[in-house]
Amino acid sequence: ATLLSSPLLASGALAVLNDDIPEHLISLKSLVSATPPSQTPAPHLVILGTGWGSMSLLSRLAVAPTSCRVTVISPRPHFFYTPLLAGTSTGTVRTASISEPIRRHLAPFLPPAQGQPRFVQANSTDVDFATQEVSAIGPDGTPIQVSYDHLVVAVGADVNTFNIPGIHEHAVFMKELEDGMKLQRKLHDQLEKASAMLAAGASKEEVAKLLHFVVVGGGPTGVELTAELGDFLRDDVEKAFPAVSGLSKVTLVEAGPKILATFDPHISEYAKGRLEAHGASVQTGTMVRRATESSLLVAKKGEPDASIDYGVLVWAGGVKARGFTEKMARKIGGVQTPANRPIRGLAVGPDFAVTGVSNVYAIGDCALAKGCSPTAQAAFQQGKWLGRALRDHGFSPAAAHKNGDPFVFANQGSLAYIGASEGVAELKNVLWDNHPEWGGGENGGGDAVVEGKGAFAIWRSLYFSKLLSGRNKWMVGMDWLNVWAGGGREVSTP
Ligand code: FAD
Ligand code: NAI
């Protein structure tokens, strides 16, 4: 997984305070930026989203929590640690171990107004840039309006199915915590069903179809999930379902000529070889065109279309802009809506100000920040910079930029888990600093490729160190220890 730059997280400076926030539940029609008349109001900052960008922004603002009044709006009352999501579907880690309630991180901030909540569980649906008001819809359909002085949009990205017929209906995604839970339940159900069928006299071919787990998309999400599924089948299914375990198989389908295409070419080759050595089938150059309830129609260059039967289908084909992001871009117009091109995110300046409107910023996967890819690493660094710029420059990030503190993305490389306690790592600007004789670049930094057990050790220790809270660290540590010590992963859903 990509390296996350977070000395802040590692140092524990992220404010984790008490859970016990005295807030009324949301009966709000309107959250207005009201303040006692005698006081100069601290600016009201509204943040959309509880992902990587928002958490990192909050961590920087938490250093001076009275500098602003805060409202966070998100359908999700928790942050979760995406790099370990694939492992929740097989039980390598538990869902609770990688999630962190947002309310713990909001406690130090001033509320938007006396008695009003700092967190609003809702989906933002619109922004009136003239009146500076966000419209949102609560889980029960309650319309909510929140005024802002400054708005940070950090709503992330959506799953991209490219409108391929059948994918929405038949595939599980790997994007949200619920996806991990859904896949885990499907795996368990399928194993029970297959066992029952075999016992009732079904043919091995029929049972093997049920236990064919197909992952579409050879990017890091698909590769890491394939790796986790392989571990699960080898370590756990073999013991718990001995009669059917030999009939199970994982296939990774990728349209392009190689998996992990954004990594060093050697890594792509190596990862494919190791996934296959661990028992997976990797089919590159294979484009999925349609899905039915139990099979995929695929096209291979120069060959007639073929079908692949599956028992469980996971779609990891990439990401696109959310509907909300697209709507905002269209509303603003101009550079936000390039001709003949899909909207991939909100165009922002070097200070993350959304081009074409005032007092609105965008970070993370929903922003088109120069030189950044849609990764947690980038979202985290952007949130950190913007939080500091807002805090230290009178809520004027442009001033931070002009005063010689521009945002510079420090790409620290990429890591991915490939199964059987092996990984791949492409580390940027490390180790060789100021040692050109070791291959360092002119500016001191150089790249390093690490593969196998060493990369796995880096992957685990790095991601462990970046977990947001002591609670997450303890729980993930225990989960890993349990699997390592032979306690095994869950093979049934309670
Ligand atoms: P997110 O973290 O996606 O957060 C978006 C937030 O906005 C969520 O809280 C969401 O509920 C909320 N939201 C959505 N719609 C609305 C709305 N209408 N109104 C208000 N709130 C809304 N990157 C790495 O660098 N390294 C990795 O190892 C890595 N592993 C990954 C593994 C998986 C399985 C996945 C799916 C992604 C991984 N990524 C990784 C990518 C990384 O998770 C994303 O780039 C990162 O989450 C982007 O952060 P963000 O804050 O922009 O959005
Ligand atoms: P991705 O866009 O990186 O990969 C999607 C893959 O699906 C592509 O290789 C594409 O060719 C393939 N695909 C699309 N349509 C297809 C079809 N019809 N048939 C077959 N294959 C098809 O998406 P992913 O992996 O979800 O990653 C999204 C972002 O999150 C990336 O920026 C990635 O770097 C980041 N991420 C990083 C991780 C890490 O660093 N370990 C882990 C997971 C995600």
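According to mature numbering (1 follows the signal peptide of the UniProt record, and there is no 0), the residues represented by the sequence shown are -15 to -1, 1 to 479, in order. Don't be surprised by glycine CBs; every beta carbon is placed ideally from N, CA and C.
What are the start and end residues of the alpha helix (DSSP H) that includes residue i?
i: residue 463; result: 455 to 469
i: residue 192; result: 189 to 195
i: residue 312; result: 308 to 317
i: residue 348; result: Taken as a continuous stretch (DSSP letters only), residue 348 belongs to no alpha helix (DSSP H), as it is neither H nor E.
i: residue 229; result: 227 to 230
i: residue 292; result: Note, residue 292: premise wrong, no alpha helix (DSSP H); beta strand (DSSP E) at 291 to 294.
i: residue 443; result: 438 to 451
i: residue 45; result: 37 to 46
Going by C-alpha to C-alpha distance, which of the options sits closest to residue i?
i: residue 452; options: 85, 166, 55, 122; result: 85
i: residue 57; options: 103, 75, 71, 92; result: 103
i: residue 75; options: 271, 61, 198, 129; result: 198
i: residue 433; options: 65, 413, 349; result: 413
i: residue 298; options: 378, 385, 202, 257; result: 202
i: residue 357; options: 340, 379, 332; result: 332
i: residue 80; options: 325, 70, 89; result: 70
i: residue 326; options: 108, 471, 459, 306; result: 306
i: residue 93; options: 255, 65, 51, 121; result: 51
i: residue 310; options: 347, 186, 473; result: 347
i: residue 165; options: 278, 223, 206, 187; result: 206
i: residue 145; options: 302, 261, 210, 96; result: 302
i: residue 38; options: 55, 64, 25; result: 64
i: residue 446; options: 456, 462, 455; result: 462
i: residue 260; options: 187, 244, 385; result: 244
i: residue 111; options: 458, 444, 262, 130; result: 130
i: residue 211; options: 264, 253, 242; result: 264
i: residue 290; options: 448, 143, 270; result: 270
i: residue 143; options: 170, 262, 350, 108; result: 350
i: residue 355; options: 116, 188, 376, 391; result: 391
i: residue 163; options: 470, 32, 66; result: 66
i: residue 308; options: 465, 109, 171; result: 109
Closer than 6 Å by C-beta to residue i: which residues in its own chain qualify, once you throw out the five before and the five after it? Chain order, please.
i: residue 53; result: 27, 28, 30
i: residue 41; result: 365, 368, 369
i: residue 193; result: 232
i: residue 173; result: 477, 478
i: residue 345; result: 136, 339
i: residue 268; result: 238
i: residue 292; result: 280, 282
i: residue 182; result: 192
i: residue 240; result: 272
i: residue 473; result: 221
i: residue 379; result: none
i: residue 443; result: 410
Who are the near neighbours of residue i in its chain, counting only those whose CB is closer than 8 Å to its CB and skipping five residues on each side?
i: residue 196; result: 175, 176, 179, 229, 232, 233, 234, 296
i: residue 168; result: 74, 157, 159, 297, 299
i: residue 213; result: 71, 72, 74, 75, 77, 402, 404
i: residue 276; result: 149, 150, 151, 152, 154, 155, 156, 282, 298
i: residue 507; result: Examination of residue 507 is not possible in this model, given that the chain is present from -15 through 479 alone.
i: residue 91; result: 6, 43, 55, 57, 103, 104
i: residue 128; result: 14, 120, 121, 122
Please work out which residues of its chain come closer than 7 Å, Cβ to Cβ, to residue i, disregarding the five sequence neighbours upstream and downstream, and give them in chain order.
i: residue 426; result: With a pLDDT of only 47 at residue 426, under the threshold of 50, the placement of this residue in the model should not be trusted; the figure read from the coordinates follows. Closer than 7 Å at Cβ, skipping near neighbours: no residue.
i: residue 124; result: 106
i: residue 34; result: 59, 139, 140, 141
i: residue 342; result: 114, 317
i: residue 314; result: 321, 322, 328, 331
i: residue 61; result: 35
i: residue 383; result: 336, 338
i: residue 411; result: 248, 249, 252, 398, 399, 432, 434
I need the boundaries of the beta strand (DSSP E) containing residue i, first residue and last residue.
i: residue 64; result: 63 to 65
i: residue 86; result: 84 to 86
i: residue 369; result: First-last for residue 369: 361 to 377, but that is the alpha helix (DSSP H), not the beta strand (DSSP E).
i: residue 236; result: 234 to 238
i: residue 399; result: 398 to 404
i: residue 69; result: Here residue 69 belongs to no beta strand (DSSP E), and DSSP marks it neither H nor E.
Are the stretch 134 to 141 and the stretch 75 to 92 touching, with three or more C-beta to C-beta distances below 8 Å? Three or more Cβ pairs closer than 8 Å define a contact, and the stretch 134 to 141 falls short of that threshold against the stretch 75 to 92.
Within the stretch 93 to 173, ranges of the beta strand (DSSP E) (whole runs, at least 3 residues): Runs found: 104 to 106, 108 to 113, 118 to 122, 128 to 132, 135 to 138, 142 to 144.
Given 8 Å, three or more beta-carbon pairs between the stretch 400 to 414 and the stretch 433 to 449: Contact between the stretch 400 to 414 and the stretch 433 to 449 is present, because at least three Cβ pairs lie under 8 Å.
Tell me, please, whether the stretch 279 to 289 touches the stretch 243 to 253 by the rule of three or more beta-carbon pairs shorter than 8 Å. No, because fewer than three Cβ pairs between the stretch 279 to 289 and the stretch 243 to 253 fall closer than 8 Å, the two stretches do not touch.
Does the pairing of the stretch 37 to 51 with the stretch 368 to 375 give three or more beta-carbon distances under 8 Å? At 8 Å Cβ cutoff, the stretches touch.
Taking only runs that begin and end inside the stretch 244 to 284, name each unbroken alpha helix (DSSP H) of 4 or more residues, in chain order. Correct list: 250 to 262.
Cβ pair count under 8 Å reaching 3, the stretch 308 to 325 against the stretch 217 to 224: Short answer: they don't touch.
Does the stretch 343 to 363 touch the stretch 388 to 396, meaning 3 or more C-beta pairs lie closer than 8 Å? Segment contact: the stretch 388 to 396 against the stretch 343 to 363, three or more CB-CB distances shorter than 8 Å; contact assigned.
Return the chain-ordered ranges of every beta strand (DSSP E) run that is complete within the stretch 197 to 222 and spans a minimum of 3 residues. 197 to 201, all fully within the stretch 197 to 222.
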